[in-house]
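Here's the structure, in structure tokens; my notes come after.
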Amino acid sequence: MADVLQNEASFSVDVATTYLQTLLEDKENQLQQAGALGQQLLSQQTELEERVKQLQDLAPATGAMEDARDRYRDLTEMVNRWDAENKALLASLTAEKGVPADPAVGAPASSDVSSSADSAEPAIQPSRARARNSRQHDTEFAFEIGSGLLTEVRRLQSLLAERDKEVQDLKEDNAGLRKFSSETQSHPEGESQIDSVAEHARQSTQYAEAVKQIAQLQTQITEQEKDLALLRQQAVDSRKTITQLQDEVTDSDKKNLQVQKEAEQLEATISALQDDKNRQAETLDSADAQVRFQEKEIRLLHEQVVGLTRELSEAKNQADVRMTHMKERNTHLTQTLLVINRAIECLPGGLSGSPS
Numbered sequence: 064m065a066d067v068l069q070n071e072a073s074f075s076v077d078v079a080t081t082y083l084q085t086l087l088e089d090k091e092n093q094l095q096q097a098g099a100l101g102q103q104l105l106s107q108q109t110e111l112e113e114r115v116k117q118l119q120d121l122a123p124a125t126g127a128m129e130d131a132r133d134r135y136r137d138l139t140e141m142v143n144r145w146d147a148e149n150k151a152l153l154a155s156l157t158a159e160k161g162v163p164a165d166p167a168v169g170a171p172a173s174s175d176v177s178s179s180a181d182s183a184e185p186a187i188q189p190s191r192a193r194a195r196n197s198r199q200h201d202t203e204f205a206f207e208i209g210s211g212l213l214t215e216v217r218r219l220q221s222l223l224a225e226r227d228k229e230v231q232d233l234k235e236d237n238a239g240l241r242k243f244s245s246e247t248q249s250h251p252e253g254e255s256q257i258d259s260v261a262e263h264a265r266q267s268t269q270y271a272e273a274v275k276q277i278a279q280l281q282t283q284i285t286e287q288e289k290d291l292a293l294l295r296q297q298a299v300d301s302r303k304t305i306t307q308l309q310d311e312v313t314d315s316d317k318k319n320l321q322v323q324k325e326a327e328q329l330e331a332t333i334s335a336l337q338d339d340k341n342r343q344a345e346t347l348d349s350a351d352a353q354v355r356f357q358e359k360e361i362r363l364l365h366e367q368v369v370g371l372t373r374e375l376s377e378a379k380n381q382a383d384v385r386m387t388h389m390k391e392r393n394t395h396l397t398q399t400l401l402v403i404n405r406a407i408e409c410l411p412g413g414l415s416g417s418p419s
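Numbering (our numbering), first residue to last: 64 to 419.
Right, here's the structure in full:
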């Protein structure tokens, strides 16, 4: 179990909890069987004491020797039957004590657990919250079962102490019977009593064997108490591991919440940038329309300038033609005036001879 708890790759809280509950149930069954064996031994002891007391009451009466022998014979058969029953019950208890404490018996291999955990990771994510809520209750339930088992073990130990005291009393009675047997050996009529004392000694030996079985049972209970202490320690370690897992899950939830907040802020920033982009696109569209309108006006103005330039060129040409005509007329007039002046000068007396 410790290997499974230390191996993080194959660790599964459900497997650990199931194993702890199974082990606690096995221990409880063993303790119940041990208690049943103790109760059976106690009842056998009570009945044996009653039979021995009856035989002691019959021993002084010489006419009841045959009845005493029959009762001794019945008592011997009954003790043998008890011995067989006790051995069978003790053997079953010992067999259950040898159950392997390896959680791999009822759980899949570590590689299978790892592969199944990897393949089922997406499916496990939605149920992790419910699993975290149930893990703590499972651990508390395991602690309650362990406490109950510890109380039952202590009660059984107290009961065994009482039985040991009763066995000691029976040994003292046996010593008294032996003393009585030694006293009756000197009398011929005590031969039958000696036989009864020997039979009682044999029964005491068988009872001593039962006491030995009780001691073995107490040893097993001590071992079970050690196993229970180990189980409680494993439960504490498992609870610490679960607490660490819960802390890790809490930290992961906090990180996820922080990432979610950052994602929301990023989405808000992206939305604002998208709005700015839309506004800038609208502004660019408006500017493009205005540029196209201005280009159209420029083309119109250019066409007007070209037309005016053409008209100006034509007007200049016309002015040049008129200027040429005027120059020619002036030249012609100048020549005409010269001719007229020459003609006047050629007149007799010239213009100076005319009366003033």
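Idealized CB from N, CA, C, for every residue including glycine.
- Leaving aside the five residues that flank Arg114 on each side, the residues in its chain whose CB is nearer than 6 Å to its CB run, in chain order, Leu138.
- Listed in chain order, the non-local C-beta contacts of Lys289 below 6 Å within the same chain number zero, local neighbours out to five positions each way being set aside.
- Contact annotation: the region 274-290 touches the region 90-97, with at least three C-beta pairs closer than 8 Å.
- The alpha-carbon of Thr214 is positioned some 41 Å away from that of Arg136.
- Assignment of Leu100 by DSSP, reduced to helix, strand and coil, places it in the helix class.
- Between Leu329 and Glu311, the alpha-carbon positions lie close to 26 Å from each other.
- Within a 10 Å sphere around the beta-carbon of Val274 sit 16 or more other beta-carbons, which makes this residue buried.
- Annotated as proximal: Gln103 and Asn149, with beta-carbon spacing under 8 Å.
- Classified as exposed, Gly370 has fewer than 16 neighbouring CB atoms from the shown chains inside 10 Å of its CB.
- Between the C-alpha atoms of Leu118 and Leu111 there is a straight-line separation of about 10 Å.
- The DSSP-derived three-state label of Leu138 is helix.
- In the three-state DSSP reduction, Leu111 falls in the helix class (H, G or I).
- Measuring C-alpha to C-alpha distances from Lys116 to each of Arg385, Arg134 and Thr313 identifies Arg134 as the nearest.
- Collapsing the DSSP output to three states places Leu410 in coil.
- A straight line joining the alpha-carbon of Ser334 with that of Gln343 spans about 14 Å.
- Ser155 counts as exposed, since fewer than 16 other beta carbons sit within 10 angstroms of its beta carbon.
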